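The structure appears below as structure tokens.
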Amino acid sequence: MLIDSTNIQFKEYSQGMDSLFPSRLDENISSDAPVRLANQLVDEFDISLLLSTYKGGCCPAYYSRMLLKVLFFAYLPLLSVIRKSLQHYIKDIYYSLKYLTRNTFLYTILP
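FYI, full-length UniProt numbering numbers position 107 of the sequence shown as 107, with every residue one higher than the one before it.
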């Protein structure tokens, strides 16, 4: 059931907002940091379906794009571990196949 999203209120969220330390939240993050990739990906998402599930009223919710960015960034280290594991598995499969092709039994069966 879709809910009218015009009455939804969120807490203030701005990446460029000034604070006491540091003066800008993103000034100490390098331009090629993985968190910037997560930021760019989530900014391009269409989250209208997600917003339609909010009931509105009560205490303002945190902005859903910000929470999605937190989730993406939390899973980035896991993705690099998975990628490294896949590289090791592929290497193991390659060596296993290389060993199997050296077997003379396979040479007699396969043309």
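Backbone N, C-alpha and C define an ideal beta-carbon position, used for all residues, glycine too.
Keep in mind that this is a model prediction, so the values were computed, not measured.
The residue from L37, Y63, E27 and N28 with its alpha-carbon nearest to that of A74 is L37. Residue burial annotation: N39 is buried, with at least 16 other C-beta atoms found within 10 angstroms of its C-beta. In this structure, the alpha-carbon of C58 lies about 12 Å from that of K11. According to the DSSP assignment, S52 belongs to no alpha helix (DSSP H), since it is labelled neither H nor E. Under the three-state reduction of DSSP, E44 is assigned to helix.
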